[in-house]
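Quick notes on the structure that follows.
Protein chains: 2
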Amino acid sequence: MTSTMLAECADCPIRHRAVCALCEPHELTLLEDIKYYRQFAPGDTIVWAGEKLDFVASVVTGMAALNRTMEDGRRQITGLLLPSDFLGRPGRSSVRYDVSAISDVSLCCFRRKPFEDLVESTPHIGQRLLEMSMDELDAAREWMLVLGRKTARERIASLLAMILQRETQAKPADAGSALRIDLPLSREGIADCLGMTLETVSRQLSHLKRDGVIQLEGRRTVLIPDMDQLLLEAADDADGGVLD
Amino acid sequence: MTSTMLAECADCPIRHRAVCALCEPHELTLLEDIKYYRQFAPGDTIVWAGEKLDFVASVVTGMAALNRTMEDGRRQITGLLLPSDFLGRPGRSSVRYDVSAISDVSLCCFRRKPFEDLVESTPHIGQRLLEMSMDELDAAREWMLVLGRKTARERIASLLAMILQRETQAKPADAGSALRIDLPLSREGIADCLGMTLETVSRQLSHLKRDGVIQLEGRRTVLIPDMDQLLLEAADDADGGVLD
DNA sequence: GGCACGATTTGATCCAGATCATGGTAAATG
DNA sequence: CATTTACCATGATCTGGATCAAATCGTGCC
């Protein structure tokens, strides 16, 4: 379904799911005056926790993270935003986490008020948003299993598998050849995603490499010779297939 | 807002948020033939992972849990369903987790197809569902901080605070008097919520009692003499207040 | 190229929470 | 009422991952 949506949007200047629903000829014209683009560099804070936001947005390129930080500095990344992901909340203008750019990020932003009006007047869009937020909810719950019950090794494998699945669904990838991830996250970023320390991340990556599950090329590139092996390490139920 | 919605529904036979949006005189009549009730006893499985569901539902009374279980038996509760919570997914009929009753649960169920039609034809309802699923998404992300970064003691306090906040928002509670939680979850259930073992749960409850943060009355009743103290133990940011 | 500094790896040690083990208590059952 | 059974508390020990502490490795910069 997702990839179908992308295909339908081939001629839309904004190539991501959130907007695809808006990309029918009529709405597209309508949108021209309520949307605009913003760029961010790695490390930039896109949204501060509690800040009032006058826009919602959809990620076009790059990776961003939702961070919850405690007073004493403990941090948890509670979500990764990849191209097509939606940022913000129609109907509420601030959130309790902040959003920061991991790599160079470009957002397609929509001014809040006209966007909310659009959602109200275009059921199609509201339904798409509902579907997307429920997908995110399922993903968040899946991640709770990782954080609550998986070992360090399983967590690393789960993260790699998750990113790989997100990337290959966007760009189907030639079957057979080794899969490649160009990880924009630092070791510390990975640690904050997985609820562990950067040292443990580093060690487990080394172990997975030693055991032939992954190869490391430079600091940020991971090669996966065998996706099934990785999924095994992630201790995921076999069926990663889409339900329904 | 939530409590307002409840108040508006005073004359609706189904007293919970999900349905409140449907409880305007016109829809209520309409709904009579697509909704029905179901009851479950503690331990009952309401939905099996992967099972095809022909309904969506809203919790009327009781508590249910969403469980993810791994092949080797490790389990994580990825969500608690309390009265007013929504169960199911319009537009998709199966999920990867199963749902089990913690206490006696009664559900108000809606036949899937007519409900989906209703959502499509009544933007009001779709918007309410969107709002609810985004609330749940925020809650799930909040929980990821608990699972990823909090200590055992903080986790227990966080769970008690979360349940307390859910209950007092439903039924405002007389300020001043000690707050009471009648915990339907067993020690093992709490452990599976918090990603720990039942022994650790038991120990930390004892410690919190020893330190005067809580009192235990029998096995399932917890008294909270000072909510602020509890929130301090939970290491939550001060403002539990609703944003916006 | 060579230098400097942040990112990463790797080693040594520690500790919070898991695991293993035992006994207590209250509700369910015959 | 006696007995079984599920739950719960608590003690003893173990261990995975945290913490502390150096080396290396890359990368950008002069």
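Heads up: the protein sequence lines correspond to chains A and B, in order. Okay, so the first sequence: first residue is 1 according to this note's numbering, each after it adds one. Okay, so the second sequence: first residue is 1001 according to this note's numbering, each after it adds one. Backbone N, C-alpha and C define an ideal beta-carbon position, used for all residues, glycine too.
Is it true that the CB of residue j sits closer than 8 Å to the CB of residue i?
i                       : j                       : result
residue 140 of chain A  : residue 189 of chain A  : no
residue 1220 of chain B : residue 1202 of chain B : no
residue 60 of chain A   : residue 109 of chain A  : no
residue 208 of chain A  : residue 233 of chain A  : yes
residue 1213 of chain B : residue 1183 of chain B : no
residue 1215 of chain B : residue 1153 of chain B : no
residue 1100 of chain B : residue 1041 of chain B : no
residue 145 of chain A  : residue 1068 of chain B : yes
residue 1230 of chain B : residue 1178 of chain B : no
residue 48 of chain A   : residue 98 of chain A   : yes
residue 1034 of chain B : residue 1096 of chain B : no
residue 1136 of chain B : residue 137 of chain A  : yes
residue 121 of chain A  : residue 1130 of chain B : no
residue 1192 of chain B : residue 1046 of chain B : no
residue 1066 of chain B : residue 147 of chain A  : no
residue 149 of chain A  : residue 1074 of chain B : yes
residue 1106 of chain B : residue 1037 of chain B : yes
residue 1160 of chain B : residue 1102 of chain B : no
residue 1181 of chain B : residue 1164 of chain B : yes
Is it buried or exposed for residue i, if we count other Cβ within 10 angstroms and need 16 for buried?
i                       : result
residue 1210 of chain B : exposed
residue 1055 of chain B : buried
residue 1084 of chain B : buried
residue 13 of chain A   : Any reading at residue 13 of chain A needs caution, since the residue's pLDDT is 41, under 50, leaving its predicted position unreliable; the model's value is listed next. That one is exposed.
residue 127 of chain A  : buried
residue 1225 of chain B : exposed
residue 1090 of chain B : buried
residue 1171 of chain B : exposed
residue 236 of chain A  : buried
residue 52 of chain A   : exposed
residue 113 of chain A  : exposed
residue 1206 of chain B : exposed
residue 1062 of chain B : buried
residue 22 of chain A   : Because residue 22 of chain A sits at a pLDDT of 47, beneath the cut-off of 50, its placement in the model cannot be relied upon, and the point is left open.
residue 1025 of chain B : At residue 1025 of chain B, the pLDDT of 38 sits below 50, so the modelled position is not reliable and the matter cannot be decided from this model.
Taking 8 Å as the CB-CB cut-off, is residue i touching chain B?
i                      : result
residue 111 of chain A : no
residue 43 of chain A  : no
residue 78 of chain A  : yes
residue 189 of chain A : no
residue 199 of chain A : no
residue 153 of chain A : no
residue 73 of chain A  : no
residue 149 of chain A : yes
List the residues of chain B that residue i touches, going by C-beta distances under 8 Å, in chain order.
i                      : result
residue 208 of chain A : The contacting residues do not exist; residue 208 of chain A stays about 19 Å from chain B at best.
residue 136 of chain A : 1137
residue 123 of chain A : 1120, 1123 and 1126
Please compile the residues from chain B whose C-beta is within a distance smaller than 7 Å of the C-beta of residue i.
i                      : result
residue 235 of chain A : 1070
residue 195 of chain A : 1147, 1148 and 1149
In chain A, which residues lie with their C-beta within 7 Å of the C-beta of residue i?
i                       : result
residue 1097 of chain B : 141
residue 1145 of chain B : 68, 76 and 78
List the residues of chain A whose Cβ lies closer than 8 Å to the Cβ of residue i, in chain order.
i                       : result
residue 1212 of chain B : What residue 1212 of chain B touches in chain A: nothing, since even the nearest Cβ is about 23 Å away.
Can you find a CB in chain A that lies within less than 8 Å of the CB of residue i?
i                       : result
residue 1131 of chain B : yes
residue 1091 of chain B : yes
residue 1023 of chain B : Because the pLDDT of residue 1023 of chain B is 45, which lies under 50, any placement of that residue in the model is unreliable, and the number read from its coordinates should be weighed accordingly. With 8 Å as the cut-off, residue 1023 of chain B does not count as an interface residue toward chain A.
residue 1216 of chain B : no
### Task
Enumerate, from N- to C-terminal direction, the unbroken alpha helix (DSSP H) stretches of 4 or more residues contained entirely within the segment 99-153 of chain A.
Taking only runs of at least 4 residues, the alpha helix (DSSP H) segments lying wholly in the segment 99-153 of chain A are 112-121 and 123-149.
### Task
Taking only runs that begin and end inside the segment 48-109 of chain A, name each unbroken beta strand (DSSP E) of 3 or more residues, in chain order.
55-61, 64-69, 75-81 and 98-101
### Query
Considering only residues of the segment 1173-1244 of chain B, which uninterrupted beta strand (DSSP E) runs meet the minimum length of 3 residues and lie entirely inside it, listed in chain order?
Runs found: 1179-1182, 1215-1217 and 1221-1224.
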